[in-house]
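I have placed the structure first, in the form of structure tokens, so that the comments after it can refer back to it.
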Amino acid sequence: MKKFLAGFCAAAIAAGCMGMTAMADTETTDKLTSYEATSDNVKLIGRTYRKGDTTILGYSASGIEFKCTGTKAVFNVNGSTGAARIGVFVNGKLVKQGYIKNSKTNAVEVDLPEGESTVKLIKLSEAAQSVIAIDSFEVDGKPQPTEAAKHSIEFIGDSITCGYGVDDPLGKSFSIYNENAAKTYAYKTAQNFGADYSFVSVSGAGVISGYSSDGKINDALLVPNFYDKFCFTWSWFDGEQTANYDWDFSQYQPELIVVNLGTNDNSYTKGDAEKCAEFEKGYVDFLKEIRAKNPNSEILCTLGLMGQELYPSIEKAVADYTTETGDSKVKTTELSVQDNAANGYAVDYHPAAASHKTAAEELTAAIKELYGWDKVDVTDDGVDAMTKDDDVEFNDVVEEPSSDESSESKAEESSSEEAKDSSTVASSSKTTTNPNSTKNPNTDAAMGISVGLAALAGAALVVSKRK
219 MKKFLAGFCA
229 AAIAAGCMGM
239 TAMADTETTD
249 KLTSYEATSD
259 NVKLIGRTYR
269 KGDTTILGYS
279 ASGIEFKCTG
289 TKAVFNVNGS
299 TGAARIGVFV
309 NGKLVKQGYI
319 KNSKTNAVEV
329 DLPEGESTVK
339 LIKLSEAAQS
349 VIAIDSFEVD
359 GKPQPTEAAK
369 HSIEFIGDSI
379 TCGYGVDDPL
389 GKSFSIYNEN
399 AAKTYAYKTA
409 QNFGADYSFV
419 SVSGAGVISG
429 YSSDGKINDA
439 LLVPNFYDKF
449 CFTWSWFDGE
459 QTANYDWDFS
469 QYQPELIVVN
479 LGTNDNSYTK
489 GDAEKCAEFE
499 KGYVDFLKEI
509 RAKNPNSEIL
519 CTLGLMGQEL
529 YPSIEKAVAD
539 YTTETGDSKV
549 KTTELSVQDN
559 AANGYAVDYH
569 PAAASHKTAA
579 EELTAAIKEL
589 YGWDKVDVTD
599 DGVDAMTKDD
609 DVEFNDVVEE
619 PSSDESSESK
629 AEESSSEEAK
639 DSSTVASSSK
649 TTTNPNSTKN
659 PNTDAAMGIS
669 VGLAALAGAA
679 LVVSKRK
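Be aware that the sequence shown starts at 219, since it is given in our numbering, and climbs by one per residue.
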């Protein structure tokens, strides 16, 4: 009997301890408070768009950043019609990297150290493939936006600026899983000055012609046609095509705008004098548009990494623009062509990570010389050490499909996702002159993009949000 009572008491104590542990876990979860990703709570990075209760991230490296004390941060991220790759940083260090494959709300969770932490989530893949939306984020300490940096830069570019294929070598196929904006010359240049930044970059895009595989003009991917839109994308969100959203330039007036376009135009111009003159006129017109939208910004025009053939035309265009307008705040600088012998190639002969580093050093030196900016000490953010093998799939779905959803529709969704994940960029004659078309031109393996379209599922509120 004594043995029975002793055993019973021990079991009761153990059960009580388990109950307390479960209660402690519940308390930890319960004390997380949900907030909306608005400027009241976070610093908005790059072009973001507020739609209902969500904040949409489109272009490469766009995201949010905040400070808080606590033990955990959870981002409730809603995908769009294509997969998207994201990275989460804590105190300047990349702690989690992975992708979202569905259009439901996924919980992206990171642990925080003791004391105050700076937390940042950015989109590593480009807008053309997909957009994502932050429905809310949860922390157990009140968040505060990080301070605005001393300097700010906007980078306007193409696949090079997107970080196209940088996480795989030549011979692999392009996908969002090997695209990484945090390894680009643009991102690293901003880091070198501790600057705020914004990307406007689309693979295959140009000034008067997107990438052309047949020498004919490709006017489906022209940055001047969509510069005033939130982003260029084939994705839909909440039943709407986000490429149609107008961008409010008052949200971000950069101190400096770096334009790195001309690589894709060269696939059309190819040294032809008349075509180069056409490019120069188009470049002047685009500079006028940039100036109209950013009246006080310095503008620095560059070209390099994948060829410099049109750099003399860029110099002439800037000279013509300055003569015509009297605007002396537009300058030029040339970047070196990538050193493939030393650094190798990334996917489709795009710059490897080491080549992006070299370009960042060159651009940093030019900005320091031209504008007198001071370079800051940059600590290792862990980005270069992370590979695709470190990626995780954020598939902790907050909202499950409704119970009446048929198994047939589920199978169709699964089949669609598998097709998108396995799709590679292929040469195609399908082009469109409408930048807001729902048809993807897939201009070429080296510069094009491949994604299917579908409507997004609605996002669910996890808990009551604080604005």
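Here a beta-carbon is modelled for each residue, glycine too, at the ideal position from N, C-alpha and C.
Review point. What do you reckon, are the CB atoms on Asp602 and Ala571 nearer than 8 Å?
Key: Yes, the Cβ-Cβ distance between Asp602 and Ala571 is below 8 Å.
Exercise for review: Between the Cα of Ile340 and those of Thr364, Lys319 and Gly264, spot the shortest distance and give me the residue it belongs to.
Suggested key: The candidate whose alpha carbon is nearest that of Ile340 is Gly264.
Practice item. Pick out whichever of Asp538, Ile585 and Tyr563 has its Cα sitting closest to the Cα of Leu553. Key: For the residues Asp538, Ile585 and Tyr563, the minimum Cα distance to Leu553 belongs to Ile585.
**Study point:** Per DSSP, the bridge partner or partners of Gly281
**Key:** Gly281 has Ile263 and Ile340 as its beta-bridge partners, per DSSP.
Review point. Apart from the five residues on each side of it in sequence, which residues of its chain come closer than 7 Å, Cβ to Cβ, to Ile274?
Key: Closer than 7 Å at the Cβ level, and outside the excluded window around Ile274, lie Thr266, Tyr267, Val349, Ala351, Phe455 and Thr460.
Review point. When the Cα atoms are used, what is the spatial distance from Thr407 to Thr287?
Key: In this model, Thr407 and Thr287 are separated by some 29 Å (Cα to Cα).
Check your understanding: Between the beta-carbon of Pro569 and the beta-carbon of Met524, is there less than 8 Å?
Key -> Yes. Within cutoff.
Practice item. With a floor of 3 residues, list each beta strand (DSSP E) that falls wholly inside the region 423-478, ordered by position along the chain. Key: Listed in chain order, they are 474-478.
Check your understanding: Which of the three DSSP states, helix, strand or coil, is assigned to Pro569?
Key -> The three-state secondary structure of Pro569, taken from DSSP, is strand.
Check your understanding: Who are the Cβ neighbours of Thr576 in its own chain at under 6 Å, not counting the five residues just before and after it?
Key -> Taken in chain order, the list of residues that qualify is empty.
Review point. Do three or more CB pairs link the region 384-400 to the region 427-441 at distances below 8 Å?
Key: The way I'd put it, the region 384-400 doesn't touch the region 427-441; fewer than three beta-carbon pairs between them come closer than 8 Å.
Review point. Comparing alpha-carbon positions, which option in Glu473, Glu458 and Gly457 lies nearest Ala413?
Key: Of the listed residues, the one whose Cα sits closest to Ala413 is Glu473.
Review point. Helix, strand or coil for Ser348 per DSSP?
Key: It is coil, neither helix nor strand.
**Study point:** Residues bridged to Arg303 (per DSSP)
**Key:** The beta-bridge partner set that DSSP reports for Arg303 consists of Tyr317.
Exercise for review: Using alpha carbons as the reference points, say which of Val594, Tyr445 and Leu505 lies closest to Asp538.
Suggested key: Measuring from the Cα of Asp538, the nearest candidate turns out to be Leu505.
Review point. Nearest-angstrom Cα distance between Lys606 and Val384?
Key: Straight-line Cα distance between these residues: approximately 10 Å.
Check your understanding: Exposed or buried, Asp386, counting other C-beta atoms within 10 Å across all chains shown (16 or more means buried)?
Key -> Only buried fits Asp386, as 16 or more other CB atoms lie within 10 angstroms of its CB.
Check your understanding: When the distance is taken between beta carbons, is Asn259 closer than 8 Å to Pro361?
Key -> Between Pro361 and Asn259, the gap from beta carbon to beta carbon is short of 8 Å.
Review point. In the DSSP assignment, what residue or residues form a beta bridge with Gln362?
Key: Per DSSP, Lys285.
Practice item. Determine the direct distance from the alpha carbon of Tyr563 to that of Gly300, and round the result to whole angstroms. Key: A direct Cα-to-Cα measurement between Gly300 and Tyr563 gives close to 26 Å.
Check your understanding: Which of the three DSSP states, helix, strand or coil, is assigned to Asp414?
Key -> Under the three-state reduction of DSSP output, Asp414 falls in the strand class.
Exercise for review: Assign Ser554 to one of three DSSP states: helix, strand, or coil.
Suggested key: If DSSP states are grouped into helix, strand and coil, Ser554 belongs with the strands.
Review point. To which residues does DSSP link Ser335 through a beta bridge?
Key: Paired residues: Cys286.
**Study point:** Cβ-based neighbour list, Lys220, same chain, cut-off 7 Å, excluding 5 preceding and 5 following
**Key:** Only weak support is given to the placement of Lys220: the predicted model assigns it a pLDDT of 40, under 50, and the value that follows is read from those uncertain coordinates. Setting aside the 5 residues that flank it on each side, Lys220 has no residue in the same chain whose C-beta is closer than 7 Å to its C-beta.
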